[in-house]
Every structure is written in C-alpha cells, then in structure tokens.
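Undergrad: Starting off with a structure, shown below.
There are 2 protein chains.
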Amino acid sequence: MTGADRQQAHERLESELGVLWRRVRRLSVDLARQVDAGIEVASYGLLGALADGGDLRAGDLAERFGLDKSTVSRQITQLEALGLIQRVPDPMDRRSRLIHVTEDGLVRVRALRAARGRWLGEALRDWPDADIDTLVVLLARLNSSLAPE
Amino acid sequence: MTGADRQQAHERLESELGVLWRRVRRLSVDLARQVDAGIEVASYGLLGALADGGDLRAGDLAERFGLDKSTVSRQITQLEALGLIQRVPDPMDRRSRLIHVTEDGLVRVRALRAARGRWLGEALRDWPDADIDTLVVLLARLNSSLAPE
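Here you go:
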C-alpha cells in the first residue's frame, strides 16, 4: 500500500466509526425511550458509568463525560427525583458527597442493556460465526491501540 | 458454534463496542479541550451534526441527540455567543428559526476532525494494511446490519 492508499484506509475507517457512533447513539435514544420515556438518554450514560465504576462525585462525572457541571447537576437531580440514584456522604471527605446508584437504578441499567443485547443479537442473526469472531479480535486490537499510554 | 458460544461471541462484541465507545468519548473530550477549552464536548457533537446535515431546528437537534430541549438550548446559546452558529429564519415556516453553522464554526469542526484523524493514524501505525482493510469491511457490514429498517 502506498502512503496515499493508507491514508484512504484511515479515512474509510474513520468514516465507518462515525456511522457506527451515530447508529449506536440513535439506538440508545430509542431504547432509552422504550425503557423509560421520562429519562434523558445522557442520564442513562451517567447511570451506567456509576453502575460500572462505583460511586463518584458529580464533578468527576462531569469531567468524565465532558459535560459542564450545570448539565450533570440537572441530570443528577432528575435521576434522584426518580429514585435511581441517591447522594451519600463521601467517606474520604466529609464536606463532599458521592452519587450512588440505587437498586432501582441498577434494575433500569440492566433492562436497558438487555434490550441492547437483544437488538444486537437480532442484527447479527445472518452473520457467519467466523466474521463475528474476526470483528471481536480486530475491535479488541483497535481498543488496545487506542488505549491511553 | 453452539447457541451458548454464539451468545458469548455477542457478549464479547458488545463489550468491545462498549470499550470503544468510552475510548472515543474520552478522546473527544481531550481533543475538544485542545481545540478550545471554552466549549463543552457535547456542543461539538451538535456543531458537527449541523456541519454535516445542514441547518436544523433546535427541537430536531434535541430529538436527534436524545437531549432535552433545555440542554440543547443552553448549548446553542453558548455556541452562538462564540460566533460558531447563528439563528436564521426558516424558509419553510416563518414562525420558526434554524440553527446555521458559521464559517468560524466550520473551521472549528474541521480542526477537531483533523486532530482526530492524526490521532487515529498514530494509533494504527503498527497495523498491517490487510487488518485495517478487514476491519473497515466488517464495520461497514455491522453498520449495514444495524441500519434502521
């Protein structure tokens, strides 16, 4: 491959990743509405991050999602009103509080993920096993190449 | 492959897609800060969607991103104050206005995308050409399988 071909391959990869990003975001919006019309999709992102990563401060959540604090603060208020999270004292810093996912919140995260899993299974129905395996291997390698140093 | 193996392959794929999602989001946060510390990353998403898709109403942007209108409205105000978008009359509906990306806004979107392209090129430096091609082919097929009916 010449340098120009290589450059083209990168651009095609970037383009497919962009399409993938939009498809997954679109799907997440639709699934989140099915699971609960009252929650903003971005709030599900926060809920999922808390379910996987454990309790966090609001400021750390904002940092991680690249959102400003007023956005995160509004989403936290919304999730708290729905009983999906609660604020608990931070054992490391008495002046500060952590966001904690409630049992109801975990149930909601699992429901969304199960719906996503069913949808992915449906989309892959006609795929040969070997192609799924190859895609998994190459995505794992891509993730490793993209990992922070 | 048995049904259980197949299920496992789906779960591995879902897991790798999840990691990819978080890596790309993390990177987008970092790159957006490099390009301009004053813009929320989510606002870059809006700016990019407008640059690609043409003028939209604020309500359509909110719908597409699964954000509530108050969030989008705040981001639009931020982007407008920076001169990256402007509100223009909607030729189809005189009571309504469209969000339009300014020339400065397009420059900013291109700068962010160029930075992302350089970063991807760097990450793929050690990849054999054939693997990049295979990944592009499989991602294109995945995107097609994931396309709305």
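One line per chain: the protein sequences are A and B, in this order.
Throughout the first sequence, residue numbering follows the numbering used here, covering 53 to 201 in sequence.
Throughout the second sequence, residue numbering follows the numbering used here, covering 53 to 201 in sequence.
For each residue, glycine too, the CB sits at the ideal point set by N, CA and C.
Do L176 of chain B and L187 of chain A come within 7 Å of each other at the CB atom, strictly closer than that value?
TA: No, the Cβ-Cβ distance between L187 of chain A and L176 of chain B is not below 7 Å.
Undergrad: According to DSSP, what are the bridge partners of H152 of chain A?
TA: Bridge partners of H152 of chain A: A:Q138.
Undergrad: Spell out whether any CB of chain A is found under 7 Å from the CB atom of L187 of chain B.
TA: For L187 of chain B, the answer is yes, since a Cβ of chain A falls inside 7 Å of its Cβ.
Undergrad: For the pair the stretch 83 to 90 of chain A and the stretch 98 to 110 of chain A, tell me if three or more CB-CB distances fall below 8 Å.
TA: Output reads no: the stretch 98 to 110 of chain A does not touch the stretch 83 to 90 of chain A.
Undergrad: Just the chain A side, please: which residues come within less than 7 Å of V81 of chain B by C-beta, in chain order?
TA: What V81 of chain B touches in chain A: G118.
Undergrad: Run through DSSP, which three-state label would L108 of chain B get?
TA: If DSSP states are grouped into helix, strand and coil, L108 of chain B belongs with the strands.
Undergrad: In this structure, how does DSSP classify D145 of chain A when only helix, strand and coil are distinguished?
TA: D145 of chain A falls in the strand class under three-state DSSP.
Undergrad: Check each candidate in B:A192, B:G70, B:E92 and name the one with the smallest Cα separation from A114 of chain A.
TA: Checking every option, the nearest Cα to that of A114 of chain A belongs to B:E92.
Undergrad: Where does A213 of chain B land, buried or exposed, given buried means 16+ other C-beta within 10 angstroms?
TA: For residue 213 of chain B there is no data in the structure shown, the boundaries of chain B being 53 and 201.
Undergrad: If you run the structure through DSSP and keep just helix, strand and coil, what is G118 of chain A?
TA: Residue state, collapsed to three classes: coil.
Undergrad: Could you list which residues in chain A have their beta carbon closer than 8 Å to that of V76 of chain B, in chain order?
TA: Result: L69, W73, L198.
Undergrad: What span of residues does the alpha helix (DSSP H) with G55 of chain A cover, start to end?
TA: Residues 55 to 87.
Undergrad: Helix, strand or coil for G90 of chain A per DSSP?
TA: Coil at G90 of chain A, not helix or strand.
Undergrad: Determine the direct distance from the alpha carbon of V161 of chain B to that of A192 of chain B, and round the result to whole angstroms.
TA: Their backbone Cα atoms lie some 24 Å apart in a straight line.
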